[in-house]
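These notes concern the structure reproduced below.
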Amino acid sequence: MKVRLGNANIGLLHYLGLWTVVAAVFGAQELLRDIVDDHHVWSLWDYTRWGMVQWYTWAALAPWVFRLAERYPIRAPLRLRGLGKQLPLSLGITMLAMVIGAMVSTLFEPSDFIQQLWYFVGQHFATGLLTYWALFAIQQAMAFHEEKSRRELEASRLTAELAQSRLRALKSQLQPHFLFNTLHAIATLLDEDTLSAEDMLLRLSDLLRAFLEDYDGQEISLKRELVLLDLYLGIQRTRFKDRLTTQIYVSPDTLPCAVPSLILQPIVENAIRHGIGERVGADCVEIECRREGDSLCIDVRNRNSTLEADTSTKKGHGIGLSNTALRLRELYGDEAQVRLEMIWPQGVICRLRLPFREIEEPDESPEVVIA
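Following the numbering used here, the numbering of the sequence shown begins with 31 at its first residue and continues without gaps.
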């Protein structure tokens, strides 16, 4: 059997034990007072009985006090309306405690009920009133703590939902960007090479189908990411033919690592667009994945591109790189970074640093060829 105090449930034995301790403490206080004041000292049983009558009465009334405190709380800022209800309630419940105590004491004392009532009012009314307000304060503190915990949980949930919404917004911005660029590339080949345009359409269809069917969540394994990237690179190789070559170097222990979905496609797209997309000649795009301590390091290099002296890591490199930086910040905070650097004698490298964390997913994707 349990006693309910607000939202807390206390076992009956523990509850009675707590009030027994209170009764024993006050009984001992009465005994010491009589000894110090040189009054008549009663037996230990008398002091124990008086304490039990007084405090077991409050033990019975405490659940009522908690319910009244819950129904008529006093919230900050202090309002007379809430106080106006609690003041008469505190007086009424305290008087009820005096009546109950007097009735029970009549069974053990030679005096009648009226005499016992006057005794309880004179000796215990102030203590009883303080007891009511102490119980009220405990209930309010428990309610405040519960409300604070609920608000913190709600704030945490809203923060997570906001982050997910921002990630979805970034991702929805990225996909049309990639799709429009790819469709534009296909359109340029329709009159020049119909077979190549059809091949690109088929690869694009495979890429979108793989993404829509297999992707669930913000992260996938690096292995799955490389499969999606290979579909994209197939489209670009068809577009640029012999002008574009690609090389992928992957450390086997990095394949299960979690990465944001489609994190590499916009970086590789930038490398191609700012390389052979703007300059004559051939280009080689290299992707290297390795582990360094607790970080997954991914480098994307292209040899036929350059950075101006006043170009930052984001300026002039389109939606893809900006979204990449924002997605990394939302998912990993300061644990991840992306930056652009020049490489000697010519070219640009985009460096990604992510927390190394493995992810489990069904092993149904095609094998990745490790160069």
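For each residue, glycine too, the CB sits at the ideal point set by N, CA and C.
Look at SER120 here: in three-state DSSP terms it is helix.
DSSP places LYS32 inside the beta strand (DSSP E), whose first and last residues are 32-35.
ALA185 and GLU177 have their C-alpha atoms roughly 12 Å apart. Annotation for THR87: the continuous alpha helix (DSSP H) segment containing it runs 74-101. When C-alpha distances from LEU213 are compared across ILE265, GLU182, TYR279, GLN169, the shortest belongs to ILE265. Your pair LEU326 and LEU384 checks out as a contact, with CB atoms roughly 5 Å apart and the cut at 8 Å. In the structure shown, the three-state DSSP call for GLN376 is coil.
Taking C-alpha positions only, ASP313 is separated from ILE306 by approximately 6 Å. The alpha-carbon separation between TRP88 and LEU62 amounts to approximately 23 Å. Looking at the backbone, the Cα of ALA288 and that of ILE389 are separated by about 5 Å. Rounded to the nearest angstrom, the gap between the Cα atoms of ILE293 and GLU299 is 11 Å.
In this structure, DSSP gives THR276 an extended state, which the three-state scheme calls strand.
One Cα belongs to ALA53, the other to GLY47, and the distance between them is close to 10 Å.
In this chain, ARG321 is not harboured by any alpha helix (DSSP H); it is covered by the beta strand (DSSP E) spanning 313-322. VAL83 is a Cβ neighbour of GLY131, given a cutoff of 7 Å. Secondary structure of SER186 (DSSP, three-state): helix. Boundaries of the beta strand (DSSP E) harbouring ASN332: 325-332, taken from the DSSP string. Collapsing the DSSP output to three states places GLY305 in coil. Sixteen is the threshold: since fewer than 16 other Cβ atoms of the shown chains lie within 10 Å of the Cβ of TYR279, the residue is exposed.
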